[in-house]
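Worksheet: the structure to be examined is printed underneath.
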Amino acid sequence: MVRKELILVALAAAVAVAARAETPVSYAKDIEPIFVKACSKCHGEDNPKKGLDVSAGKGFGQLVGVKSAEVPEMARVKAGDPAASYLWLKVSHTATQGKGMPRTLFGAKKLPQADLDLIQQWIVQGANP
Numbered sequence: 012m013v014r015k016e017l018i019l020v021a022l023a024a025a026v027a028v029a030a031r032a033e034t035p036v037s038y039a040k041d042i043e044p045i046f047v048k049a050c051s052k053c054h055g056e057d058n059p060k061k062g063l064d065v066s067a068g069k070g071f072g073q074l075v076g077v078k079s080a081e082v083p084e085m086a087r088v089k090a091g092d093p094a095a096s097y098l099w100l101k102v103s104h105t106a107t108q109g110k111g112m113p114r115t116l117f118g119a120k121k122l123p124q125a126d127l128d129l130i131q132q133w134i135v136q137g138a139n140p
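Here it is, written out as structure tokens:
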């Protein structure tokens, strides 16, 4: 009986992961709240660093298909391609130029893994508004 329960639990987990992967991620509903909370202190209305303002209602148009200020040969977000999206390299702390984001007084901190997964999924799905 225990084996059957384990199989059912594993199956339920696989179904949940598959459903999440197919659930469309949108900037406005899913991604903007992450950036507003974690990034808008520096990349906000008063004096947005590197000319990037991710405060409510402003970030999408300044991210998708827009050249990075630090690495102009890369887009901040290249729809469908996290590896070619400078924003992804910054938040995943894999950028070879610049430092990981978000920054704190003591260096960089990583966003929670669930937020990183959602940002990556958003880019992979086409960086929809």
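The sequence shown: position 87 = 98 (my numbering), numbered continuously.
Quick reminder that beta carbons are idealized off the backbone N, C-alpha and C, glycines included.
Source: prediction; values computed, not measured.
Simplified DSSP state of residue i, which is helix, strand or coil
i: GLN124; result: helix
i: VAL82; result: coil
i: VAL75; result: strand
i: GLY68; result: coil
i: ALA119; result: strand
i: VAL13; result: Residue placement at VAL13 is poorly supported in this model, since its pLDDT is 45, which falls under 50; the coordinates are not used for a value here.
i: ALA25; result: Low local confidence applies: a pLDDT of 48 at ALA25 is under 50, so the model's placement there is unreliable, with the coordinate-based value given in what follows. If DSSP states are grouped into helix, strand and coil, ALA25 belongs with the helices.
Integer Cβ distance of residue i from residue j, believed to fall under 8 Å
i: GLN136; j: VAL65; result: Actually they do not touch by this definition, with Cβ atoms about 19 Å apart.
i: ALA138; j: ALA90; result: 4 Å
i: ALA80; j: ALA86; result: About 12 Å separates the two Cβ atoms, so there is no contact after all.
i: ALA49; j: LEU122; result: 6 Å
i: ILE134; j: VAL88; result: 6 Å
i: ALA125; j: HIS104; result: Incorrect: roughly 16 Å between the Cβ atoms, too far for contact.
i: GLN108; j: VAL82; result: 5 Å
For residue i, the residue or residues it bridges with in DSSP
i: ALA90; result: ALA90 is not bridged to any residue.
i: SER158; result: The structure shown does not extend to residue 158, since the chain is modelled only from 12 to 140, so the question has no answer here.
Min CB distance residue i to chain B below 8 Å
i: GLY72; result: Looking at the structure shown, chain B is missing, and only one protein chain is on hand.
Three or more C-beta pairs closer than 8 Å, one from the segment 119-136 and one from the segment 97-106: is that the case here?
yes
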